[in-house]
Amino acid sequence: MSCDDFRLMLEEAREGAAPEALGRHLEVCAECRTFAEDWRGLSEAFRAAAEPIPEPSFGFTERLLRRLATSSGAERAAIEFIERVGRRVAFATLFLAMVTLLALGLPSTGPVREPSGAEMMAQAYQVSNSSGIVFADDTWMSQAGRPVGQNEEPAPSQK
């Protein structure tokens, strides 16, 4: 007998009316023995759930409400304190999680890359002021295009 056949027969069999073949298979197969115990427990739970619930005794509601109304203020204060502290801890945790996610998710504010040497040299050659363009050899080119320098030597490009 296969385990699938056994499980099907066990589900169809009534309590206490299991065939002999089921008993023999249970002796041999530990997995099916566990299944049978679980099946038995499940069946008992369904039977217990099917029993009608007894009606509450006379005055049950009044006694319950009276007992709830007379509960000590210390118990209520302790419960409220725990709820307030719990909320604060939960909000602090959420805040820290959000800050962490934002810190990890936003790109850095620094430069993406450093300017290359050629770009830096080009910037040095192209510094402009009101009287013209400054070159690396400290000569100035006026707006008209004639060189005006602090030293009187011609620029290297003019030699």
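According to the numbering used here, the sequence shown holds residues 234 to 392 in order. All C-beta atoms, glycine included, are put in the ideal place defined by N, C-alpha and C. The structure presented is a predicted model; accordingly, all values stated were derived computationally and were not measured.
Which residues bound the alpha helix (DSSP H) around residue i?
i	result
I312	G306 to G338
C236	C236 to E245
C265	A263 to A283
Decide if residue i is buried, meaning its Cβ has at least 16 other Cβ atoms within 10 Å, or exposed.
i	result
A269	buried
F291	exposed
N362	In this predicted model, N362 has a pLDDT of only 46, less than 50, meaning its place in the structure is not dependable; the value taken from the coordinates is given anyway. Classification for N362: exposed.
Following a CB-centred definition, is residue i positioned closer than 7 Å to any heavy atom of the ligand ADP?
i	result
G256	Summarising the ligand content, the structure contains no ligands, and the ligand ADP is consequently not present.
Run through DSSP, which three-state label would residue i get?
i	result
E288	coil
T407	Residue 407 is absent from the model: the chain starts at 234 and stops at 392.
From residue i to residue j, what does the alpha carbon distance come to, in whole angstroms?
i	j	result
T294	A302	12 Å
E316	P252	58 Å
L243	L255	7 Å
P285	L259	34 Å
A325	V318	10 Å
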